[in-house]
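Enquirer: Quick mapping for you: the protein sequence lines, in order, are chains A and B.
Numbered according to our numbering, the first sequence spans residues -12 to 335.
Numbered according to our numbering, the second sequence spans residues -12 to 335.
For each residue, glycine too, the CB sits at the ideal point set by N, CA and C.
Remember, it's a predicted structure, so these values are computed and weren't measured experimentally.
There are 2 protein chains.
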Amino acid sequence: MTALTPGTGSHHRPTLSEVARSAGVSAATVSRVVNGSPRVSPAAREAVEAAIAAMGYVPNRAARSLVTRQTDTIAVVLSEPEERIFSDPFFAAMVRGISSAVAETEWQLVLLMIQSPLERLKVERYVTQGHVDGVVLMSLHSGDRLPDLLADARIPTVMSGRPTGTAGFVSYVDADNRGGGRIATDHLLSIGRTRIATVTGPMDMVAAVDRFDGYCDGLRGAGIRPTKTMVEAGDFTDHSGEQAMTALLRRNPDLDGVFVASDPMAMGALRALDKAGRRVPDDVALVGFDDIAMAAYAHPPLTTVRQPLDQMAASMAELLMAQLSDESTYDGLDHIICSTELVRRVSA
Amino acid sequence: MTALTPGTGSHHRPTLSEVARSAGVSAATVSRVVNGSPRVSPAAREAVEAAIAAMGYVPNRAARSLVTRQTDTIAVVLSEPEERIFSDPFFAAMVRGISSAVAETEWQLVLLMIQSPLERLKVERYVTQGHVDGVVLMSLHSGDRLPDLLADARIPTVMSGRPTGTAGFVSYVDADNRGGGRIATDHLLSIGRTRIATVTGPMDMVAAVDRFDGYCDGLRGAGIRPTKTMVEAGDFTDHSGEQAMTALLRRNPDLDGVFVASDPMAMGALRALDKAGRRVPDDVALVGFDDIAMAAYAHPPLTTVRQPLDQMAASMAELLMAQLSDESTYDGLDHIICSTELVRRVSA
DNA sequence: GGCGGATGTGGTAGCGCTCTCACGGCGTGA
DNA sequence: TCACGCCGTGAGAGCGCTACCACATCCGCC
Chain A
-12 MTALTPGTGS HHRPTLSEVA RSAGVSAATV SRVVNGSPRV SPAAREAVEA AIAAMGYVPN
48 RAARSLVTRQ TDTIAVVLSE PEERIFSDPF FAAMVRGISS AVAETEWQLV LLMIQSPLER
108 LKVERYVTQG HVDGVVLMSL HSGDRLPDLL ADARIPTVMS GRPTGTAGFV SYVDADNRGG
168 GRIATDHLLS IGRTRIATVT GPMDMVAAVD RFDGYCDGLR GAGIRPTKTM VEAGDFTDHS
228 GEQAMTALLR RNPDLDGVFV ASDPMAMGAL RALDKAGRRV PDDVALVGFD DIAMAAYAHP
288 PLTTVRQPLD QMAASMAELL MAQLSDESTY DGLDHIICST ELVRRVSA
Chain B
-12 MTALTPGTGS HHRPTLSEVA RSAGVSAATV SRVVNGSPRV SPAAREAVEA AIAAMGYVPN
48 RAARSLVTRQ TDTIAVVLSE PEERIFSDPF FAAMVRGISS AVAETEWQLV LLMIQSPLER
108 LKVERYVTQG HVDGVVLMSL HSGDRLPDLL ADARIPTVMS GRPTGTAGFV SYVDADNRGG
168 GRIATDHLLS IGRTRIATVT GPMDMVAAVD RFDGYCDGLR GAGIRPTKTM VEAGDFTDHS
228 GEQAMTALLR RNPDLDGVFV ASDPMAMGAL RALDKAGRRV PDDVALVGFD DIAMAAYAHP
288 PLTTVRQPLD QMAASMAELL MAQLSDESTY DGLDHIICST ELVRRVSA
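(1) Does the Cβ-Cβ distance between A:Asp197 and A:Asn164 come in under 8 Å?
(2) Taking DSSP as the reference, what is the three-state secondary structure of A:Met(-12)?
(3) May I ask you to report which of helix, strand or coil DSSP gives B:Asp277?
(4) Can you tell me whether B:Ala282 is helix, strand or coil according to DSSP?
(5) Taking 7 Å as the limit between beta carbons, can you name the residues of its chain near A:Arg0, skipping five residues before and five after?
(6) Going by C-alpha distance, which of A:Phe78, A:Asp161, A:Arg51 and A:Glu93 is nearest A:Gly117?
(7) In or out: A:Met190 buried (at least 16 other Cβ within 10 Å) or exposed?
(8) With a Cβ-Cβ cutoff of 8 Å, do A:Gly201 and A:Gly167 count as a contact?
(9) Does A:Lys109 come within less than 8 Å of chain B when only Cβ atoms are used?
(10) Taking only beta-carbon positions, decide if A:Tyr113 is within less than 8 Å of chain B.
(11) When DSSP labels each residue in this structure, what does A:Ser177 get in the three-state scheme?
(12) Does any C-beta atom of chain B lie closer than 8 Å to the C-beta of A:Gly117?
(13) Determine the direct distance from the alpha carbon of B:Ser312 to that of B:Leu96, and round the result to whole angstroms.
(14) By the 9 Å beta-carbon criterion, what residues does the segment 3 to 33 of chain B contribute toward chain A?
(15) Report the three-state DSSP secondary structure of B:Ser334 (helix, strand or coil).
(16) Determine the DSSP secondary structure at A:Ala344, reduced to helix, strand or coil.
(17) Leaving out five residues on either side along the sequence, give the residues of the same chain with a beta carbon under 8 Å from the beta carbon of A:Leu242.
(18) Pick helix, strand or coil for B:Leu242, following the three-state DSSP scheme.
(19) A:His(-2) versus chain B: which residues are under 7 Å apart at the beta carbon?
(20) Less than 8 Å between CB atoms is the rule here; does A:Phe77 satisfy it with respect to chain B?
(21) Report yes if the C-beta distance between B:Val160 and B:Thr144 is below 8 Å; otherwise report no.
(22) Got a sec: is the Cβ-Cβ distance from A:Leu105 to anything in chain B below 8 Å?
(23) Jot down the residue ranges of each uninterrupted beta strand (DSSP E) in the segment 104 to 135 of chain B, minimum 3 residues, whole runs only, in chain order.
(24) Just how far apart, CA to CA, sit A:Met42 and B:Ala140?
(25) Which residues, taken in chain order from the segment 144 to 163 of chain B, show a beta carbon closer than 7 Å to some beta carbon of chain A?
(26) Within its chain, find whatever has a CB closer than 6 Å to the CB of A:Leu278; leave out the 5 residues flanking it on each side and keep chain order.
(27) Find the residues of chain A that neighbour B:Val97, judging by a C-beta separation of less than 7 Å, and give them in chain order.
(28) Along chain A, in chain order, which residues have C-beta atoms closer than 7 Å to that of B:Ala50?
(29) Check B:His(-1) in the structure and name its three-state DSSP category.
(30) Among the candidates A:Thr92, A:Met299 and A:Thr233, whose CA atom is the shortest distance from the CA of A:Gly264?
(31) Output, in chain order, the set of chain A residues within a Cβ distance shorter than 9 Å of B:Val82.
(32) Can you check whether the CB of A:Ala300 is closer than 8 Å to the CB of A:Ala88?
(33) Kindly give me the distance between the Cβ atoms of B:Ala162 and B:Thr16, rounded to whole angstroms, as I take these residues to be in contact under 8 Å.
(34) At the 8 Å Cβ level, is B:Glu91 part of the contact set with chain A, yes or no?
(35) What are the residues that DSSP puts in a beta bridge with B:Asp97?
(36) Whole angstroms are fine: how far does the CA of A:Phe276 sit from the CA of A:Leu175?
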């Protein structure tokens, strides 16, 4: 037991005014002490602190929030199946980054997971009914009402990834996916490859489209016309990468380079190439995307495009903090695009 | 925009009594409608619902909590470095299980992470100041004040893992670690092994001690005295398992069986055995603990002790719900020990 | 026809806190 | 000596909501 409970049998949590009475001061003074106002005499402060300790007083946040209209907490909404949340290094890195940016501030971070329509509804209620001061939205689904609901409720929000279509005026942070696709392709070109295929992500995701566009940019820059037969879509998983690569090889036996739009898919593609008897990078050079930890341990180690996940996370936190601190003047339209970078290893 | 905002330039969130006025009823009636009370005439209900929709009314939870004294949210406190949270399948499974048990209820689940003393303090404040109705505590550190603070604050709590020493009257859910250690050892004995070593977890963790005790039980049951040279401690990581196994082999070149207290460590041990030229299971039979997904794909596939993670998670949720629903009569002393089971594959 | 009980409704106190305002006491400068 | 400002403090009005109580109806029953 860390607190002395009063002799009464039942448990009663002392209120601020009870503390005030016991300390011989007014409620206002106790409030000042609790909130660290400088306008309190040392004597009063001491008396109040003693009373607080003796009675085991804990402020009631609901009452406080009711009047201050803020909760000092911000939510990270993870709207993905949890097997992805707990396995995809992307989420881990983002949560880590945001969490450490928020750690030293006064804000408390809470994680909310959505994996069913009912949970979506509950989270919508949770964030709009005043439990949080701000929210970070990770990977929203198409048709997600959250951005609009949050905008209506005037709740500061930052999204990860460029929002699609209607989700209008929200600030967001994204990697330069198009630029990344381009540098990957340019690299393949620069090492002399000319018959370059690509495995894309699911084309209903903005990031996948952007990376593909970057691939096209690269080809066109070298005077090559992208062709349909050299493109195959996966769903960012390792298995789909293997399938896509197999299909690509069947259609284009002579391809000598491939840009795979995610590292897990690249791992799968590597397997497919191995099974097909192609040597990497001698026969086919391969560039991935993400630079997950495993990429360095692949056979051969993966040349890949790194997105600065830590920096992206930090930027999201920063953007949210900015909205949180000067809401009045904030126009809510900021966005940050983080540049990507080629990590050269062996596969290309 | 999903709601019609009033023509006034500035944003004003309508209150319950404004809705009441607009609907031509009293605040009490609006409250009844919002909270789904049956004691409302269809006409009134309709009027209120129309007003709510028209004004975009969203109830204020702080005000509600202030009077009802509950928040309808429960927290899962993850007190571990996030690299473990996001990599150790144990946490993923627990969070998944708890989350799905809570999903269909009225409660909202929030995840709180602690990875620094400051964050610990903030979380302590968060949970005691009335943000949550109940908490699930995952893997508390020794000297953690949370259990005591929560007990003082009379906040229903369930811990994962048997609490150490002082953390008195809290309900918890744990695997039968001792029993698991025993069945692992018994199995090794049953396949004719007699010189059985063990790699334990960190001995300041209850689970590690329990598994070790089970190992001793097994040996003693077969009339064998456990000896110090056959015991080496790791820290549950793969790397430490390799080191420990190497040490064990050096000291006991003739050992023919080993119980490794976690699967990641078992993977490391497998490497050490391989490097030392021992065949598994022919020369040395090995049993792990946890049955992580990777265990089935090890070389050779791992015989291991499975803890029913899903069931443990469900039990934690269940225990918490029980406390949440009939707090008055609840004595807070329940605990559930989930039995473990041997999964036989190739390594033993 | 009158009475008891169910039913729908409104009035309103108060949950615990913050924050504005007012006030008395003190130090300073003229 | 008096006017002025600053400082520490207390009184009290709400924040938005729920829950209790009181009150009108209306129904069915003896």
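Expert: Walking through what the data contain:
(1) Locating residue 197 of chain A in the first sequence gives position 210, where the first residue counts as 1. Locating residue 164 of chain A in the first sequence gives position 177, where the first residue counts as 1. Yes.
(2) Against the first sequence, residue -12 of chain A aligns to sequence position 1. Per-residue confidence for A:Met(-12) stands at a pLDDT of 36, beneath the threshold of 50, marking its modelled position as unreliable; the derived number appears in the next sentence. Three-state result, A:Met(-12): coil.
(3) Counting from 1 along the second sequence, the entry for residue 277 of chain B is found at position 290. In the structure shown, the three-state DSSP call for B:Asp277 is strand.
(4) Residue 282 of chain B sits at position 295 when you count from the first residue of the second sequence. In the structure shown, B:Ala282 sits in a helix (DSSP, three-state: H, G or I).
(5) The sequence position of residue 0 of chain A within the first sequence is 13, counting from 1. Counting only Cβ-Cβ distances below 7 Å, and skipping sequence neighbours, we find Val45.
(6) For this step, residue 117 of chain A is matched to residue 130 along the first sequence. Out of A:Phe78, A:Asp161, A:Arg51 and A:Glu93, A:Arg51 has the C-alpha closest to the C-alpha of A:Gly117.
(7) As a first step, residue 190 of chain A is located in the first sequence; it is residue number 203 there, counting from the start. Using a 10 angstroms sphere on the CB of A:Met190, the tally of other CB atoms stays under 16, which defines it as exposed.
(8) Locating residue 201 of chain A in the first sequence gives position 214, where the first residue counts as 1. Locating residue 167 of chain A in the first sequence gives position 180, where the first residue counts as 1. Using a Cβ distance threshold of 8 Å, A:Gly201 and A:Gly167 count as a contacting pair.
(9) Counting from one through the first sequence, the residue named residue 109 of chain A turns up at place 122. A:Lys109 counts as touching chain B.
(10) Position 126 of the first sequence, counted from the first residue, corresponds to residue 113 of chain A. Yes, A:Tyr113 counts as interfacial toward chain B.
(11) Your numbering for residue 177 of chain A matches position 190 in the first sequence. DSSP places A:Ser177 in helix when its eight states are reduced to three.
(12) Here residue 117 of chain A corresponds to residue number 130 of the first sequence, with the count starting at 1. So yes, A:Gly117 belongs to the interface.
(13) Looking up residue 96 of chain B in the second sequence gives position 109. Looking up residue 312 of chain B in the second sequence gives position 325. Between B:Leu96 and B:Ser312, the C-alpha separation is close to 16 Å.
(14) Of all residues in the segment 3 to 33 of chain B, none has a C-beta nearer than 9 Å to a C-beta of chain A.
(15) Position 347 of the second sequence, counted from the start, is the residue given in the question as residue 334 of chain B. DSSP places B:Ser334 in coil when its eight states are reduced to three.
(16) An answer regarding residue 344 of chain A cannot be provided, because it is not within the stretch -12 to 335 covered by chain A.
(17) For the purposes of this step, residue 242 of chain A is taken as the residue at position 255 of the first sequence. Excluding positions up to five away in sequence, the list reads Arg182, Ile183, Ala184, Met217, Leu235, Leu236 and Val271.
(18) Translated into the one-based positions of the second sequence, residue 242 of chain B becomes position 255. It is coil, neither helix nor strand.
(19) As a working mapping, residue -2 of chain A is identified with position 11 in the first sequence. A:His(-2) reaches chain B at Arg141, counting residues in chain order whose Cβ is nearer than 7 Å.
(20) Here residue 77 of chain A refers to the residue found at position 90 of the first sequence. No, A:Phe77 does not count as interfacial toward chain B.
(21) One-based indexing of the second sequence puts residue 160 of chain B at position 173. One-based indexing of the second sequence puts residue 144 of chain B at position 157. No, the Cβ-Cβ distance between B:Val160 and B:Thr144 is not below 8 Å.
(22) Counting from 1 along the first sequence, the entry for residue 105 of chain A is found at position 118. Interface flag for A:Leu105 against chain B is set, since a Cβ pair is found closer than 8 Å.
(23) You should have 121 to 125.
(24) To locate residue 42 of chain A, count along the first sequence from 1; it is residue 55. To locate residue 140 of chain B, count along the second sequence from 1; it is residue 153. Straight-line Cα distance between these residues: approximately 12 Å.
(25) The segment 144 to 163 of chain B vs chain A, Cβ under 7 Å: nothing.
(26) Residue 278 of chain A sits at position 291 when you count from the first residue of the first sequence. The question names Leu, yet the displayed sequence has Asp at residue 278 of chain A. For A:Asp278, same chain residues with a beta-carbon under 6 Å away, outside a window of 5 residues either side, are Thr291, Arg293 and Val330 in chain order.
(27) Translated into the one-based positions of the second sequence, residue 97 of chain B becomes position 110. Near B:Val97 (Cβ distances below 7 Å), the residues of chain A are Val97, Leu98 and Leu99.
(28) Working through the second sequence from its first residue, we reach residue 50 of chain B at position 63. The contacting residues are Leu53.
(29) Locating residue -1 of chain B in the second sequence gives position 12, where the first residue counts as 1. In this structure, B:His(-1) counts as coil in the three-state DSSP scheme.
(30) Counted from its first residue, the first sequence places residue 264 of chain A at position 277. Of the listed residues, the one whose Cα sits closest to A:Gly264 is A:Thr233.
(31) Working through the second sequence from its first residue, we reach residue 82 of chain B at position 95. Per Cβ cutoff of 9 Å: Glu69, Ile72, Phe73 and Met100.
(32) Start at 1 with the first residue of the first sequence, and residue 88 of chain A comes out as number 101. Start at 1 with the first residue of the first sequence, and residue 300 of chain A comes out as number 313. Cβ atoms of A:Ala88 and A:Ala300: closer than 8 Å.
(33) For the purposes of this step, residue 162 of chain B is taken as residue 175 along the second sequence, with counting starting at 1. For the purposes of this step, residue 16 of chain B is taken as residue 29 along the second sequence, with counting starting at 1. With a Cβ gap of about 52 Å, B:Ala162 and B:Thr16 do not count as contacting.
(34) The residue labelled residue 91 of chain B in the question sits at position 104 within the second sequence. Yes, contact with chain A.
(35) For this step, residue 97 of chain B is matched to residue 110 along the second sequence. According to the sequence shown, residue 97 of chain B is Val rather than Asp. DSSP output for B:Val97 lists B:Ala62 as bridge partner(s).
(36) Here residue 175 of chain A refers to the residue found at position 188 of the first sequence. Here residue 276 of chain A refers to the residue found at position 289 of the first sequence. It is roughly 13 Å from the alpha-carbon of A:Leu175 to the alpha-carbon of A:Phe276.
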